[in-house]
Each structure stands twice: as structure tokens, then as C-alpha cells.
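Heads up, the thing below is written out as C-alpha cells.
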Amino acid sequence: MNLSPVVIAIPMYFLLMAVELIVLRFQKNPSYRMNDAITNINLGVVSQVTGVFLKILSIGVYTLLFEKFAILDIPSNLWTFLLLFFLYDFCYYWAHRMSHEINLFWGGHVVHHSSEEYNLSVALRQSSTQTIWTFMFYLPLAFIGFNPVALVLVSGLNLLYQFWIHTEAIDKMGFLEKFMNTPSHHRVHHGRNPKYIDKNHGGTFIIFDKWFGTFKEEEERPTYGITTPVNSWNPVWVNLSHYANMKNELAQIPNWSDKIRYLFNKPGWLPDYLGGYRAVKDVPKEHKKFDTIVPQALNFYVFYQYVILMGITAFFLFNLGDFDWVLKVGLSAMIIWSTVSFSAIFEQSRWYHVQEIIRIALMSLTIWYIARELVTENIILFSLSMYLLSSYFWLWKNGWALKSFQQTVKNQSQHA
Numbered sequence: 014m015n016l017s018p019v020v021i022a023i024p025m026y027f028l029l030m031a032v033e034l035i036v037l038r039f040q041k042n043p044s045y046r047m048n049d050a051i052t053n054i055n056l057g058v059v060s061q062v063t064g065v066f067l068k069i070l071s072i073g074v075y076t077l078l079f080e081k082f083a084i085l086d087i088p089s090n091l092w093t094f095l096l097l098f099f100l101y102d103f104c105y106y107w108a109h110r111m112s113h114e115i116n117l118f119w120g121g122h123v124v125h126h127s128s129e130e131y132n133l134s135v136a137l138r139q140s141s142t143q144t145i146w147t148f149m150f151y152l153p154l155a156f157i158g159f160n161p162v163a164l165v166l167v168s169g170l171n172l173l174y175q176f177w178i179h180t181e182a183i184d185k186m187g188f189l190e191k192f193m194n195t196p197s198h199h200r201v202h203h204g205r206n207p208k209y210i211d212k213n214h215g216g217t218f219i220i221f222d223k224w225f226g227t228f229k230e231e232e233e234r235p236t237y238g239i240t241t242p243v244n245s246w247n248p249v250w251v252n253l254s255h256y257a258n259m260k261n262e263l264a265q266i267p268n269w270s271d272k273i274r275y276l277f278n279k280p281g282w283l284p285d286y287l288g289g290y291r292a293v294k295d296v297p298k299e300h301k302k303f304d305t306i307v308p309q310a311l312n313f314y315v316f317y318q319y320v321i322l323m324g325i326t327a328f329f330l331f332n333l334g335d336f337d338w339v340l341k342v343g344l345s346a347m348i349i350w351s352t353v354s355f356s357a358i359f360e361q362s363r364w365y366h367v368q369e370i371i372r373i374a375l376m377s378l379t380i381w382y383i384a385r386e387l388v389t390e391n392i393i394l395f396s397l398s399m400y401l402l403s404s405y406f407w408l409w410k411n412g413w414a415l416k417s418f419q420q421t422v423k424n425q426s427q428h429a
């Protein structure tokens with residue numbers, strides 16, 4: 014069983030999001046949109062699934078260095094654990110800060126900032142490539158002599174702490190604001206307002222920002238998101254869009270020295286002959302959040318399919334040790350495909366209907382393959398029959414609902 018604190022806490026994540034949603038309704042704060050929230054969770058799912066393979070890089074290298082080059086033999090006790098927790102957050106601060114100040118690294122972190130809302134679901138909006146650029150910042154802890162098991166536990170707890178600070182339901186917190194990262198401090202970090210850009214990088218503690226000059230107090234409510242919105246619900250594209258933009262801009266730079274500078278300078282940098290650094294501009298008053306509208310019945314369909322996908326994903330993450338590499342790759346591909354399929358529904362892609370028909374059939378085979386040794390054959394066949402019938406009927410019915418909805422929207426636009 015996977016004993017990662019992040020995986021174990023998955024049920025608590027959803028419970029706290031439900032509580033936050035209720036609180037925000039009472040506060041009349043409409044910061045939850047279904048398409049945005051599901052995209053946030055989708056990105057967390059894709060990050061966890063791809064992380065199964067990237068951990069070979071991050072934990073593997075750390076373990077190798079610890080076993081071969083550790084200077085000290087640090088015992089495992091409460092005090093060394095607390096020390097490691099503090100040192101890990103120090104390393105996190107620099108990894109996080111450099112992820113904002115180096116263009117290439119920003120490609121791995123921009124995913125987390127790309128939502129234009131701010132709620133607990135945004136905490137789950139994690140990148141699938143960030144580990145590639147940031148794992149090296151924690152390697153000094155291996156040389157010092159902190160063992161890999163303790164590091165995994167501390168990193169999980171650090172990430173868990175950062176979950177609850179992604180909310181507008183909690184105002185400033187008095188004395189804690191002086192040394193801990195809080196919702197107020199982290200709202201600043203997610204703001205795209207020029208004065209909020211690249212501030213408050215701390216994970217658990219805010220003291221590193223105060224020590225190294227990157228602290229900013231929350232003043233007016235931030236405008237959330239990134240300066241160039243990704244405008245997509247597709248979790249794969251959200252992960253790749255910055256790299257695609259980098260590829261296009263690199264093609265415009267003629268010499269290799271400037272290409273290297275482009276990779277490692279701040280996001281927005283270009284050589285002087287291409288216009289120079291593009292500073293962050295004020296958010297225009299007419300700015301509108303990216304949104305797409307589909308019939309309510311189609312939203313319910315996505316939610317129904319999503320619950321099933323979450324069950325399969327949780328089973329996959331909790332039982333990684335029981336799967337061989339072929340099954341890990343196959344299940345990962347199935348899960349990621351499903352998240353992309355849901356984004357196609359939200360964006361009303363032309364191909365969503367056909368590929369959903371294929372996906373449901375393959376999802377049924379996946380469920381059968383996983384469950385065949387866990388429950389009796391009759392239960393599996395009955396459950397899959399109900400799933401297939403309900404899915405295909407709902408999909409057929411929603412196809413007609415979508416056509417009617419699109420015609421209504423078209424008629425309204427013609428009369429506007």
C-alpha cells in the first residue's frame with residue numbers, strides 16, 4: 014500500500030473542499046466553477062500518476078547520494094525530524110523562488126498558477142514536470158545525512174500544510190502572520206497584479222521571504238491567474254503550453270548564447286533586438302475569466318464519470334506495489350486520457366462524443382481487469398452492464414441536449 018501522506022489525505026481533501034464550498038456560499042463568494050475545479054483536480058490526478066515514474070529520478074538520485082556520500086549519520090528522532098522539516102522548507106523556498114525567476118523552471122510551475130480562481134481545489138492543481146527542475150534543490154539534505162524515508166515524509170507533510178492556505182474563506186490570522194505561511198500571504202503569491210508578482214514563496218514558513226526580501230503584505234484582493242492565460246481545460250495542454258510558447262520564441266532568437274539566456278532568465282525576457290524584457294502590466298478592468306458553458310445535464314454526466322475515475326485513481330495510487338510496469342503504464346494512460354476527455358466535453362470539442370464512446374468501453378475493460386480477482390464474476394458483469402447502459406444512454410441523451418443548447422445560444426446571439 015502507498016503510505017505517502019499526500020495519497021492518504023485524498024479523502025480529507027474532498028471533505029474540506031465540500032466544507033469550503035458551503036462556507037463560501039454563505040459568504041456569497043462564487044470562487045468555485047465546476048469546469049475550473051475539475052480541471053484543478055484533473056491536474057492533481059495527472060501529477061500523481063506521472064509522479065509514479067518521476068520518483069525514480071527524484072527519490073532515486075537522493076537515495077544514491079545519501080548512501081554513497083552522506084557526511085553525517087543522523088539519528089531518527091523528534092528533534093532531527095523537526096530540524097529536517099525546517100531545512101526542507103528552506104530548500105523549498107529556493108526551489109519555489111527559482112521556479113518563478115528562471116523561465117525554463119517556470120514551465121514546470123506555471124501550471125499551479127494558471128487557475129483564475131482561488132480555492133482549495135487550486136491546491137491540487139499541480140504540475141507533472143516541476144520535479145524535473147526542482148528535485149536538485151533538496152540534494153544537499155542527502156549529503157548532510159537525512160535519510161530518504163524521512164525526506165519523503167517531510168515533503169508530504171510540507172505539501173499537506175500548503176493545502177489549507179488556498180482559500181478565501183479565511184481572513185488574516187493575527188500573530189501567525191508573522192512567521193507562518195497563511196491564506197492571506199499565499200493569496201498574494203497567486204495574484205497576477207504587478208505588485209504581487211514573485212512574492213511570498215515560502216511553503217510552511219513565511220520567514221524566509223522576510224529574510225530574503227520577497228515578502229509582500231496582502232492589500233487589495235488579488236486578481237488570480239497568470240499574465241498570459243492558458244484558456245484551456247485540457248490538463249495535458251496546461252502542462253505543455255508554456256513549453257510550446259518557449260519553443261516558438263526560441264525559434265525567433267538567432268544565436269545560441271541568447272537562446273541559453275532566454276532559458277535561464279526571468280519569464281518575459283527577450284533579447285533587446287526582439288523588444289527586450291516584457292514587464293508585467295496592470296490587469297485591465299475589462300478582463301474576463303476564461304469560461305465555457307455546457308448544458309447542466311452534461312455537467313452532471315462529467316461528474317458521474319468523474320466519481321468513477323476518482324475511485325479507479327485512488328485504487329491505483331493506494332496499490333502501486335501490486336502492479337507490474339505494463340499495468341502501471343496502461344492504467345496511467347487510461348486515467349490521463351479520461352481527464353483529457355472531460356476537458357473536451359467542457360470545451361465542446363467536435364470529437365468528444367465519439368471518443369467518449371470508445372473511452373467508456375475501454376474503461377469498462379479496465380474495471381473488469383482490475384476487479385476480476387476482487388469480487389465475483391456476477392457482480393462485475395452486473396455492475397459493468399449498469400455502467401455501460403447508463404453511460405451510453407446519458408451520452409446519447411446529452412448529445413441531443415447539447416444540440417438544442419447550441420441552437421438556443423445561436424438564436425439568442427442573432428437576436429442580441
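First residue of the sequence shown? That's 14 in my numbering, and the numbers climb one at a time after it. Using N, Cα and C, we set each Cβ at its ideal position, and we do this for glycine too.
Tell me whether residue i is buried or exposed, calling it buried when 16 or more other Cβ atoms sit within 10 Å of its Cβ.
i: Asp271; result: buried
i: Met111; result: buried
i: Val320; result: exposed
i: Leu322; result: buried
i: Ser351; result: buried
i: Asp102; result: buried
i: Val422; result: Bear in mind that a pLDDT of 48 at Val422, under 50, signals an unreliable position, so the number given afterwards is only what the model happens to contain. Looking at its Cβ environment, which holds fewer than 16 other Cβ atoms inside 10 Å, Val422 is exposed.
i: Trp269; result: exposed
i: Arg38; result: exposed
i: Ser403; result: exposed
i: Pro297; result: exposed
i: Ser71; result: buried
i: Leu28; result: exposed
i: Arg363; result: exposed
i: Ser398; result: exposed
i: Glu33; result: buried
i: Ile370; result: exposed
i: Asp295; result: exposed
In terms of residue numbering, what span does the alpha helix (DSSP H) encompassing residue i cover?
i: Met186; result: Careful: Met186 lies outside any alpha helix (DSSP H) and carries neither H nor E.
i: Gly57; result: 47-82
i: Val293; result: Note, Val293: premise wrong, no alpha helix (DSSP H); not H, not E.
i: Leu28; result: 23-39
i: Thr147; result: 143-147
i: Asn312; result: 309-331
i: Pro161; result: 161-177
i: Gln265; result: 248-265
i: Ile306; result: Taken as a continuous stretch (DSSP letters only), Ile306 belongs to no alpha helix (DSSP H), as it is neither H nor E.
i: Trp119; result: 116-126
i: Lys212; result: Segment: none, Lys212 is in no alpha helix (DSSP H) and carries neither H nor E.
i: Leu340; result: 338-359
i: Pro153; result: 152-157
Could you say which of the options lies nearest to residue i if we only look at CA atoms?
i: Ile54; options: His125, Ile72, Leu97; result: His125
i: Phe303; options: Thr379, Thr241, Glu114, Met399; result: Thr241
i: Pro88; options: Leu67, Val62, Leu28, Ala163; result: Ala163
i: Ile437; options: Glu181, Asn261, Lys301; result: Residue 437 lies beyond the range of the chain shown here (14 to 429); nothing can be said about it.
i: Pro235; options: Asn206, Gly226, His214; result: Asn206
i: Ala22; options: Gly169, Met399, Trp107; result: Gly169
i: Phe79; options: Ile145, Pro161, Asn48; result: Pro161
i: Phe148; options: Ile69, Phe218, Asp222, His214; result: Ile69
i: Met316; options: His366, Ala50, Val36, Gln40; result: Rather than Met, the amino acid found at residue 316 in this sequence is Phe. Ranking the options by Cα distance to Phe316, first place goes to Ala50.
i: Asn312; options: Pro24, His109, Thr52, Ala31; result: Thr52
i: Leu189; options: Arg200, Val201, Phe218, Asn171; result: Phe218
Flag this pair as yes or no: are the beta carbons of residue i and residue j separated by less than 8 Å?
i: Ile210; j: Val293; result: yes
i: Leu117; j: Leu287; result: no
i: Gly204; j: Tyr174; result: no
i: Ile183; j: Asn194; result: no
i: Met347; j: Leu375; result: yes
i: Ile358; j: Val249; result: no
i: Ser245; j: Asn132; result: no
i: Ser197; j: Ser141; result: no
i: Phe228; j: Lys212; result: yes
i: His122; j: Gln143; result: yes
i: Tyr75; j: Cys104; result: no
i: Tyr256; j: Leu408; result: no
i: Ala136; j: Phe192; result: no
i: Val65; j: Ser354; result: no
i: Ile266; j: Pro280; result: no
i: Phe328; j: Ile383; result: yes
i: Asn42; j: Glu181; result: yes
i: Leu97; j: Val167; result: yes
So with Cβ pairs under 8 Å, would you call residue i a contact of chain B?
i: Asn116; result: Absent from the structure is chain B; it holds one protein chain and no more.
**Message:** Taking 8 Å as the cut-off, does the stretch 123-138 touch the stretch 48-65 (at least 3 CB pairs, one atom from each stretch)?
**Reply:** yes
**Prompt:** Would you say the stretch 83-97 touches the stretch 155-162, given that touching needs at least three Cβ pairs under 8 Å?
**Reply:** yes
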